[in-house]
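Asks: First the structure, which I've put down as structure tokens, then a few questions once you've had a look.
There are 2 protein chains.
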Amino acid sequence: MDKQEFVSKLTVKNDTKMLMLIMDGLGGAPMLGGKTALEVANTPNMDALASASDLGQTVPVIPGITPGSGPGHLGLFGYDPVKYQIGRGILEALGIGLEVSNKDVVARGNFATVRDGVVIDRRAGRPATEENAKVCELINSKISEIDGVKVQVFPGKEHRFVLKLTGDGLDDRLTDADPQRDRQPIEYAKALSVEAEKTAKIVNEFIKRVVDLLKNGERISGCLLRGFSKYPDLPQFPEVYKIKSAAIATYPMYRGLAKLVGMEVLEVPAAIGEMETVRSEIKVLKDNYDKYDFFYFHVKHTDSYGEDSNFMAKVDVIETVDKVIPEIMSLKPDVVVITGDHSTPALVGGHSWHPVPFLLYSKYSRYGLSNFFNEKECARGSLGTIEARDLMTLLLANAMRLEKYGA
Amino acid sequence: MDKQEFVSKLTVKNDTKMLMLIMDGLGGAPMLGGKTALEVANTPNMDALASASDLGQTVPVIPGITPGSGPGHLGLFGYDPVKYQIGRGILEALGIGLEVSNKDVVARGNFATVRDGVVIDRRAGRPATEENAKVCELINSKISEIDGVKVQVFPGKEHRFVLKLTGDGLDDRLTDADPQRDRQPIEYAKALSVEAEKTAKIVNEFIKRVVDLLKNGERISGCLLRGFSKYPDLPQFPEVYKIKSAAIATYPMYRGLAKLVGMEVLEVPAAIGEMETVRSEIKVLKDNYDKYDFFYFHVKHTDSYGEDSNFMAKVDVIETVDKVIPEIMSLKPDVVVITGDHSTPALVGGHSWHPVPFLLYSKYSRYGLSNFFNEKECARGSLGTIEARDLMTLLLANAMRLEKYGA
Chain A
1 MDKQEFVSKL TVKNDTKMLM LIMDGLGGAP MLGGKTALEV ANTPNMDALA SASDLGQTVP
61 VIPGITPGSG PGHLGLFGYD PVKYQIGRGI LEALGIGLEV SNKDVVARGN FATVRDGVVI
121 DRRAGRPATE ENAKVCELIN SKISEIDGVK VQVFPGKEHR FVLKLTGDGL DDRLTDADPQ
181 RDRQPIEYAK ALSVEAEKTA KIVNEFIKRV VDLLKNGERI SGCLLRGFSK YPDLPQFPEV
241 YKIKSAAIAT YPMYRGLAKL VGMEVLEVPA AIGEMETVRS EIKVLKDNYD KYDFFYFHVK
301 HTDSYGEDSN FMAKVDVIET VDKVIPEIMS LKPDVVVITG DHSTPALVGG HSWHPVPFLL
361 YSKYSRYGLS NFFNEKECAR GSLGTIEARD LMTLLLANAM RLEKYGA
Chain B
408 MDKQEFVSKL TVKNDTKMLM LIMDGLGGAP MLGGKTALEV ANTPNMDALA SASDLGQTVP
468 VIPGITPGSG PGHLGLFGYD PVKYQIGRGI LEALGIGLEV SNKDVVARGN FATVRDGVVI
528 DRRAGRPATE ENAKVCELIN SKISEIDGVK VQVFPGKEHR FVLKLTGDGL DDRLTDADPQ
588 RDRQPIEYAK ALSVEAEKTA KIVNEFIKRV VDLLKNGERI SGCLLRGFSK YPDLPQFPEV
648 YKIKSAAIAT YPMYRGLAKL VGMEVLEVPA AIGEMETVRS EIKVLKDNYD KYDFFYFHVK
708 HTDSYGEDSN FMAKVDVIET VDKVIPEIMS LKPDVVVITG DHSTPALVGG HSWHPVPFLL
768 YSKYSRYGLS NFFNEKECAR GSLGTIEARD LMTLLLANAM RLEKYGA
């Protein structure tokens, strides 16, 4: 059974408002005095909400699996994160805010140091992002088309860039053009299906032309390409759930993920500092509150500081978010979920497999088990340990947007 | 999705050490003062470990299903216990320590009392094991080959024996040669596929010759054969998980199960008494600690005493194991799991469907919810209620042996 298809058939429309507040990488592991960032953080507003909510914890994919942002978010949006896989090329493109259409194939690129056909350094000594941008400019000025297909490169951070091919009949079923280790010959892409042979030819011609063009480059003198991918054909959120949905997020990758599933992505005016950024997002929420049924509200830095192993900075971000909870609740949403797309414990310094605490507030909540929002309380919460993709169903249920199944 | 295949693709090697301590049939049900054996047992070492560990409980197959030792262990080793079924013939053969190759078909046999082609007593009045052994000897001396296939029988306890056929082109797709009830005519095996017709013919000829050979036997005068099975073709643990793995177990069945999944099975010198046996296993662990990444460490008698409804003896075994926990921890393993393959409550006097408590210790554990290792604490543990086969994934995750899924 595809759970999402099953749920979709039961959806009905009404005028409830739903909000999913995602603190990226929210879940932690015990560190300071045996406590997680969420436990250490002073969160009177989330705790008060917890005392009127269902609590539980989600498993993003299956127990033990550490998800990237793609599967983490797809799960929260109700999609099976194993069935729907988003290519690395697409995610990288989304991450730098690139528009991708269904006539494109994109890939994640590395600039590399190449000598006599051998890859000496797969990351070209991690060049400055500015140097990267200049090389991209040079490539775009010299290689704009191959075999009738438009070719463009876009700089990322340090050695990373995105290759975008635009044309008819492109196919992403290619092997990575990456020797995986240094001091190996340049690797070319191989077609994994007959339909992808044309694309393989173009990609390999591109690699050759780049090596030729950059042959005098000291560090940047070639490239690797990985994760060839087309725009994924995902069921669209507004149709699946019969809801008008909006995304409020500041980082390109999350805006891109929301767009992939068909949400409208609202513009968030840039702001400086954590509190100002969250306030900017809150203002967008308020200004658009009447226009949508569902809001995906994303806060990035809980994850970033977890990745940096900066425990106290993660605590600060959580406290900042806590301060705006009354503003969100003053809008009187019918259902509010607060959770993360995965755990990013400062202890691990990266995404992890740990279950993710969640709080689900509605007037139908089976509250009363707890007065705090944290990992321990959620592990023992009223909704238990569930798959992340079931959260969307619970949210719809609490919004009275699902019909009874069977007579 | 086959979870194990999915996990396998994410595995990486490193130099961590993992240990899975299985107390067979560990889980119990309330009996003495409303407590289980694990609650009554004085286990200061496991309790201390619990206070630094994740806790949870496993469902061996699906809720409500009581597993045999085969599915119980396959689940713990990360295999889908419904997809991979180990025939009763093979399990019986493993249980008596028989070597089985992929040219063999084995079956579980009963000696029976047969008169004029009718099975009078399917268990031949439960003869003494010695009498059984003598009859096996007689059969082996008179029936060594049928149609070019080598035929051997091996005595088990009371009325049970194992038939082993060795030759080319044997097939195990046969119905049981067992009338199921007393006072029914002898039942012969039927081929369930064309390829199994030769084997059916041999099996049925064997049954006829045994009846003829034993026609003057008072109680043992025929046989039944069930669970025809070949050596199962299971994905091999070292390849699936990229780990060098060793089994430390004293009972043939568990040694056999470990071998089926490709673990190396270490010799454990025989010892008398519970504590000496466990100490012998600990010595093997210490002597081989440097050579493997993963250890499966099996303790049998928690199950045996549960089966005997001997509550206090089960308590004693748990306390014995608790005493050697410091010796295990002094090796500084990176990840330790303590659990059972199923529950065997003394209250039930047999395997049961109850979830099985587990403890998962690593430096990434989300500890702090509990200071005791028992069914009640584990039911409310940080990892919730999971499928047994997900435990292996969690173990690998905590050993940092799984790559992130998706970008």
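Heads up: the sequence lines are chains A and B, in that order. Mind the numbering: the first sequence is residues 1 to 407 in my numbering, read in order. Mind the numbering: the second sequence is residues 408 to 814 in my numbering, read in order. Where a beta carbon is used, it is the ideal one built from N, C-alpha and C, also for glycine.
1. Under a three-way DSSP split, which group does R209(A) fall into?
2. With 9 angstroms as the limit, tell me which residues of the segment 762-792 of chain B have their beta carbon closer than that to any beta carbon of chain E; keep them in chain order.
3. Work out the CA separation of V59(A) and I248(A) for me, nearest whole Å.
4. Compute the Euclidean distance between the alpha carbons of G256(A) and L91(A), then round it to the nearest angstrom.
5. Please determine, among N45(A), F6(A), G156(A) and S53(A), the residue with the shortest C-alpha to C-alpha distance to Y364(A).
6. Shortest alpha-carbon distance to G125(A) belongs to which of S144(A), P155(A), R160(A) and S141(A)?
7. Which chain B residues sit within Cβ distance under 7 angstroms of H351(A)?
8. Using a Cβ-Cβ cut-off of 6 angstroms (strictly less than) and excluding sequence neighbours within five positions of V265(A), which residues of its own chain qualify?
9. The alpha helix (DSSP H) with H298(A) in it runs from where to where?
10. Could you tell me whether the Cβ of M453(B) comes closer than 8 angstroms to any Cβ of chain A?
11. Count Cβ pairs between the segment 18-32 of chain A and the segment 289-301 of chain A that sit closer than 8 angstroms; are there 3 or more?
12. Using a 10 Å radius around the Cβ and a threshold of 16 neighbouring Cβ atoms, would you call N539(B) buried or exposed?
13. DSSP state of D422(B), grouped into three classes?
14. Residues bridged to G222(A) by DSSP?
15. In chain A, which residues lie less than 8 angstroms from E423(B) when you measure between Cβ atoms?
16. Against chain A, does D700(B) count as a neighbour if the rule is that its beta carbon must be under 8 angstroms from one of theirs?
17. Assign M20(A) to one of three DSSP states: helix, strand, or coil.
18. Let's see if you can read the secondary structure: which residues bound the beta strand (DSSP E) around Y361(A)?
19. Any residues in the segment 19-36 of chain A with a beta carbon nearer than 9 angstroms to a beta carbon of chain B? Which ones, in chain order?
20. Indicate whether the contact test is met: 3 or more Cβ pairs, each with one atom in the segment 93-104 of chain A and one in the segment 227-247 of chain A, closer than 8 angstroms.
21. Do we get a CB-CB distance below 8 angstroms when we pair T66(A) with the residues of chain B?
22. Entirely within the segment 628-669 of chain B and at least 3 residues each: give me those beta strand (DSSP E) ranges in chain order.
23. Assuming S69(A) is part of the alpha helix (DSSP H), what are its boundary residues?
24. Please state whether DSSP places L581(B) in a helix, a strand or coil.
25. Residues in the segment 85-99 of chain A with C-beta within 8 angstroms of chain B's C-beta atoms, listed in sequence order?
26. Assuming I593(B) and V521(B) form a contact by the criterion Cβ under 8 angstroms, report the distance between their Cβ atoms to the nearest whole angstrom.
27. Roughly how far, in whole angstroms, is the beta-carbon of L462(B) from the beta-carbon of L803(B), given that I think they are within contact range, below 8 angstroms?
28. So which of L631(B), L790(B), D710(B) and E681(B) has the shortest CA-CA distance to V525(B)?
29. Using 8 angstroms as the cut-off, can you tell me whether the segment 400-407 of chain A makes contact with the segment 7-16 of chain A, which would need three or more C-beta pairs spanning the two stretches below that distance?
30. Going by DSSP, what residues sit across from G434(B) in a beta bridge?
31. Run through DSSP, which three-state label would Q85(A) get?
32. Is the beta carbon of A786(B) sitting closer than 8 angstroms to the one on Q464(B)?
33. Is there at least one Cβ from chain B nearer than 8 angstroms to G70(A)'s Cβ?
34. Taking all protein chains shown into account, decide if L709(B) is buried (16 or more other Cβ within 10 angstroms of its Cβ) or exposed.
35. Any Cβ of chain B within less than 8 angstroms of the Cβ of V82(A)?
36. Inspect the CB distances between the segment 476-496 of chain B and the segment 774-785 of chain B and report whether three or more fall short of 8 angstroms.
Replies: For this structure:
1. Working through the first sequence from its first residue, we reach residue 209(A) at position 209. Note: R209(A) maps to helix in three-state DSSP.
2. Checking the listed chains, one finds no chain E in this structure; the protein chains it contains are A and B.
3. Locating residue 248(A) in the first sequence gives position 248, where the first residue counts as 1. Locating residue 59(A) in the first sequence gives position 59, where the first residue counts as 1. Using only the alpha carbons, I get a separation of about 24 angstroms.
4. Walking along the first sequence from the start, residue 256(A) turns up at place 256. Walking along the first sequence from the start, residue 91(A) turns up at place 91. Near 8 angstroms, if we compare the C-alpha coordinates of L91(A) and G256(A).
5. Stepping through the first sequence from its first residue, residue 364(A) is reached at position 364. Comparing Cα-Cα distances from Y364(A) to each of N45(A), F6(A), G156(A) and S53(A), the minimum goes to S53(A).
6. Start at 1 with the first residue of the first sequence, and residue 125(A) comes out as number 125. G125(A) has its Cα closest to that of R160(A), out of S144(A), P155(A), R160(A) and S141(A).
7. Position 351 of the first sequence, counted from the first residue, corresponds to residue 351(A). What H351(A) touches in chain B: K811.
8. The residue labelled residue 265(A) in the question sits at position 265 within the first sequence. Same-chain partners within the cutoff: A247, R255, A258 and K259.
9. On the first sequence, residue 298(A) is found 298 positions in, with the first residue counted as 1. Careful: H298(A) lies outside any alpha helix (DSSP H), inside the beta strand (DSSP E) at F294 to V299.
10. For the purposes of this step, residue 453(B) is taken as residue 46 along the second sequence, with counting starting at 1. Output row for M453(B): interface = no.
11. yes
12. Position 132 of the second sequence, counted from the first residue, corresponds to residue 539(B). With 16 or more Cβ atoms within 10 Å of its Cβ, N539(B) is classed as buried.
13. To locate residue 422(B), count along the second sequence from 1; it is residue 15. Reduced to three states, the DSSP call for D422(B) is coil.
14. For the purposes of this step, residue 222(A) is identified with residue 222 of the first sequence, where counting begins at 1. G222(A) is bridged to A112(A).
15. Within the second sequence, residue 423(B) is the residue found at index 16, counting from 1. At residue 423(B) the sequence reads Thr, which differs from the Glu that was named. Residues of chain A passing the Cβ test: none, with the nearest at roughly 14 angstroms.
16. As a position in the second sequence, residue 700(B) is number 293, starting the count at 1. For D700(B), the answer is no, since every Cβ of chain A falls outside 8 angstroms of its Cβ.
17. Start at 1 with the first residue of the first sequence, and residue 20(A) comes out as number 20. Here M20(A) sits in strand by DSSP.
18. Reading the first sequence from its first residue, position 361 is the one you call residue 361(A). Its beta strand (DSSP E) spans residues V356 to Y361.
19. G27, G28, A29, P30, G34, K35 and T36
20. yes
21. In the first sequence, counting from the first residue as 1, residue 66(A) sits at position 66. True, the Cβ-Cβ gap to chain B drops below 8 angstroms.
22. 629-636 and 652-655
23. One-based indexing of the first sequence puts residue 69(A) at position 69. That run of the alpha helix (DSSP H) goes S69 to L76.
24. For this step, residue 581(B) is matched to residue 174 along the second sequence. DSSP places L581(B) in strand when its eight states are reduced to three.
25. Q85, I86, R88, L91 and E92
26. Along the second sequence, one-based indexing puts residue 593(B) at 186. Along the second sequence, one-based indexing puts residue 521(B) at 114. Rounded, the Cβ-Cβ distance is 6 angstroms, consistent with contact.
27. In the second sequence, the residue the question calls residue 462(B) occupies position 55. In the second sequence, the residue the question calls residue 803(B) occupies position 396. About 19 angstroms separates the two Cβ atoms, so there is no contact after all.
28. Translated into the one-based positions of the second sequence, residue 525(B) becomes position 118. Out of L631(B), L790(B), D710(B) and E681(B), L631(B) has the C-alpha closest to the C-alpha of V525(B).
29. yes
30. Counting from one through the second sequence, the residue named residue 434(B) turns up at place 27. DSSP, once it has assigned bridges, lists S750(B) as partnering G434(B).
31. If you number the first sequence from 1, residue 85(A) lands on position 85. DSSP places Q85(A) in coil when its eight states are reduced to three.
32. For the purposes of this step, residue 786(B) is identified with residue 379 of the second sequence, where counting begins at 1. For the purposes of this step, residue 464(B) is identified with residue 57 of the second sequence, where counting begins at 1. Contact: yes.
33. Translated into the one-based positions of the first sequence, residue 70(A) becomes position 70. Closer than 8 angstroms: yes.
34. As a first step, residue 709(B) must be located in the second sequence, where it is residue number 302. Before going further, note that residue 709(B) is Thr rather than Leu in the sequence given. Buried, by the Cβ-count rule.
35. Walking along the first sequence from the start, residue 82(A) turns up at place 82. V82(A) counts as touching chain B.
36. no
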